[in-house]
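Under UniProt numbering, think of the first position of the sequence shown as 1, with each following residue one higher.
Where is the CB? At the ideal position from N, CA and C, for every residue including glycine.
Remember, it's a predicted structure, so these values are computed and weren't measured experimentally.
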Amino acid sequence: MRLSLDDFEPIATIGTGTFGRVLLIRSLEDHRYYALKKLSKYTITKLKQVNHLNSEREILSQIEHPMIVKMIGTIQDEWYVYILMEFVPGGELFSLLRLSRKFPNDSARWSAVIHRTHLNSVHRFYAMEMTCIFEYLHNLGVSYRDLKPENILISSTGHIKLTDFGFAKRIALGERAYSLCGTPDYIAPEILSGKGHSTAVDWWALGILIYEMLAGYPPFYDENPLAIYKKILNAQLSFPSYFSPEARDLISQLLQTDLTKRLGNLKGGAADVKRHVWFQGIDWVRASKLQIRPPYIPSITGDDDISNFVIYEEEQEEEEFGHIDDSHFADF
1 MRLSLDDFEP IATIGTGTFG RVLLIRSLED HRYYALKKLS KYTITKLKQV NHLNSEREIL
61 SQIEHPMIVK MIGTIQDEWY VYILMEFVPG GELFSLLRLS RKFPNDSARW SAVIHRTHLN
121 SVHRFYAMEM TCIFEYLHNL GVSYRDLKPE NILISSTGHI KLTDFGFAKR IALGERAYSL
181 CGTPDYIAPE ILSGKGHSTA VDWWALGILI YEMLAGYPPF YDENPLAIYK KILNAQLSFP
241 SYFSPEARDL ISQLLQTDLT KRLGNLKGGA ADVKRHVWFQ GIDWVRASKL QIRPPYIPSI
301 TGDDDISNFV IYEEEQEEEE FGHIDDSHFA DF
C-alpha cells in the first residue's frame, strides 16, 4: 500500500526527541488514528544515525508481536522520513511511574484503578511482559538496546507495547556489536567498555527497570552521566531495606557484570529468568498470549484521547537544513 502525507491530518504532537517528533494523526480515508514518527534527514545524517534508522525500519517490518508497537509503513519527503505506527493511547510507563513515584509490593493498596491480580504486584506484571518481549526478540537475533520507561507504552487494555527501535540491532549468535548506545541509567557495562556486546545488554536493562519500578529511581542514579558510568563499571549496587530477598537476588543476577554469570545470558536463556523465584506463580503461556489481567487499565474516552500524554506546543521547529544524500533513505 502506497502511503502519502496527504492521506492524513495532524492532530497533536505527543512526543519529541533528538531527531524529530511524534504526532497523533488521523486517516482521512478510514478516520482511524495513528502515531507518526517524523525524523529529520539532515539531523540523522549529521549525527551518523542512518544505519540505525534503516535497521529500525528493517526490524519493525519483519517482527510481529502483541506487545510491540506495529509499524504500518514509511513515508518520506525532501527533508523528513516518517514512520507510521499504531497509536497506543495509554501513555508511557514513565508517566505512570512518576505519578506514583514507585510501584508498591501490594498493588491493592496503590490506587483504586489498580486491580488485584494473582501476581500480587504491579512491577512484576510489567517485568513479566518485558521478559516475554525480550525472549521473542532474542529468538530472532534482535537486541533492543534501549530499554527505559519512556519506551514502554500502555495499551487501552493495560498491556505493554514496546516502542522506539532506533537502537535495535540484529546480532548473530557468537557475534558482537560495538556501538555506544542506550540511555545512561540503563546502559550495560560492556557497552561502556567498548569490548563488544550482545543481547545480554537487554537483561541488564531489565534489572535496572525492575529496580526503578520498586525504588522509584534507577540503581546507579547521578545527575552527572560520567558519574553514572563510573558506578556502572564499578558495579556499585545497593538496595533499599524494603526490597524483598527475592527481588534483590533477581536484580543482582541481572546486573551481573560478568557475562558468564548474568541471568538470561546463560545456557537456559530467557527460561532461566522466567524460572526465578521472584516470578513464581506466573503461567508464562498465558502471559505470552495476554491472558493475564493487567493491574492497571488506563482511562481512555475515545480513539483520539491523548490525555495520557504530555502535549507539546505546535510551534515552528528550529532545525538545521543542509545537503542530504537521499540514497541513504532509498528504502523509505
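Contact with chain D by Ile-75, beta-carbon distance below 8 Å: The chain inventory of the structure shown lacks chain D, comprising one protein chain alone.
His-276 and Leu-255 closer than 8 Å at C-beta: Your numbering for residue 276 matches position 276 in the sequence shown. Your numbering for residue 255 matches position 255 in the sequence shown. Not in contact: His-276 and Leu-255 (Cβ atoms no closer than 8 Å).
Candidates Tyr-33, Phe-94 and Ile-300, of which the one nearest Thr-157 by Cα: Position 157 of the sequence shown, counting from 1, holds the residue named residue 157. Out of Tyr-33, Phe-94 and Ile-300, Ile-300 has the C-alpha closest to the C-alpha of Thr-157.
Bridge-paired residues (DSSP) for Ile-75: Working through the sequence shown from its first residue, we reach residue 75 at position 75. Beta-bridge pairing links Ile-75 to Tyr-82.
Beta-carbon proximity check, His-159 vs Glu-129, cutoff 8 Å: Start at 1 with the first residue of the sequence shown, and residue 159 comes out as number 159. Start at 1 with the first residue of the sequence shown, and residue 129 comes out as number 129. Contact flag set, yes.
Exposure of Val-122, with buried meaning 16 or more beta-carbon neighbours within 10 Å: The residue given as residue 122 occupies position 122 in the sequence shown. By the neighbour-count criterion, in which 16 or more other beta carbons inside 10 Å mark a residue as buried, Val-122 falls on the buried side.
Span of the alpha helix (DSSP H) around Phe-125: Here residue 125 refers to the residue found at position 125 when the sequence shown is read from its first residue. Phe-125 -> alpha helix (DSSP H) spans 122-139.
Nearest neighbour of Ala-287, chosen from Leu-39, Ala-12, Thr-43 and His-65 [CA to CA]: What you label residue 287 is simply residue 287 of the sequence shown in a count that begins at 1. Taking only the C-alpha atoms, the option nearest Ala-287 is His-65.
Same chain, Cβ closer than 7 Å to Val-50, five either side skipped, listed in chain order: Position 50 of the sequence shown, counted from the start, is the residue given in the question as residue 50. If we look at Val-50 and ignore the five residues flanking it on each side, its Cβ neighbours are Ile-44 and His-328.
Buried/exposed call for Gln-271, threshold 16 Cβ in 10 Å: Taking the first residue of the sequence shown as 1, we reach residue 271 at position 271. The displayed chain sequence assigns Ala, not Gln, to residue 271. With fewer than 16 Cβ atoms within 10 Å of its Cβ, Ala-271 is classed as exposed.
Beta-carbon gap between Val-273 and Gly-281 smaller than 8 Å: Numbered from its first residue, the sequence shown carries residue 273 at position 273. Numbered from its first residue, the sequence shown carries residue 281 at position 281. No, the pair does not count as a contact, with Cβ atoms beyond the cut-off.
Straight-line gap, Tyr-217 to Tyr-82 (C-alpha atoms, nearest Å): Sequence index remark: in the sequence shown, residue 217 carries index 217 (1-based). Sequence index remark: in the sequence shown, residue 82 carries index 82 (1-based). Straight-line measurement puts the Cα of Tyr-82 at about 33 Å from the Cα of Tyr-217.
Pair within 8 Å by beta-carbon distance, Asp-258 and Tyr-221: For the purposes of this step, residue 258 is taken as residue 258 along the sequence shown, with counting starting at 1. For the purposes of this step, residue 221 is taken as residue 221 along the sequence shown, with counting starting at 1. Using a Cβ distance threshold of 8 Å, Asp-258 and Tyr-221 do not count as a contacting pair.
Simplified DSSP state of Glu-190, which is helix, strand or coil: For the purposes of this step, residue 190 is taken as the residue at position 190 of the sequence shown. In the displayed model, Glu-190 falls within a helix according to three-state DSSP.
Close beta carbons around Gln-253, own chain, < 6 Å, minus the five adjacent residues each side: Counting from 1 along the sequence shown, the entry for residue 253 is found at position 253. Taken in chain order, the residues that qualify are Leu-263.
Counted within 10 angstroms of its Cβ, other Cβ atoms place Lys-161 as buried (16 or more) or exposed: Residue numbering aside, residue 161 sits at position 161 when the sequence shown is read from its first letter. Lys-161 is buried by the Cβ-count criterion.
Counterpart residues of Glu-9 in DSSP-defined beta bridges: By 1-based counting over the sequence shown, the position of residue 9 is 9. In the DSSP output, where bridge partners are listed per residue, Glu-9 has Arg-26.
First and last residue of the uninterrupted beta strand (DSSP E) at Ile-210: On the sequence shown, residue 210 is found 210 positions in, with the first residue counted as 1. Premise fails: Ile-210 lies in the alpha helix (DSSP H), 200-215, not in any beta strand (DSSP E).
Proximity of Ser-40 and Gly-20 at Cβ, strictly below 8 Å: Here residue 40 is taken as the residue at index 40 of the sequence shown, counted from 1. Here residue 20 is taken as the residue at index 20 of the sequence shown, counted from 1. Yes, Cβ-Cβ distance for Ser-40 and Gly-20 is below 8 Å.
Selected residue, minimal CA-CA separation from Asp-6, among Val-69, Arg-26, Gly-141 and Gly-182: Locating residue 6 in the sequence shown gives position 6, counting from the first residue. Scanning Val-69, Arg-26, Gly-141 and Gly-182 for the CA closest to the CA of Asp-6 turns up Arg-26.
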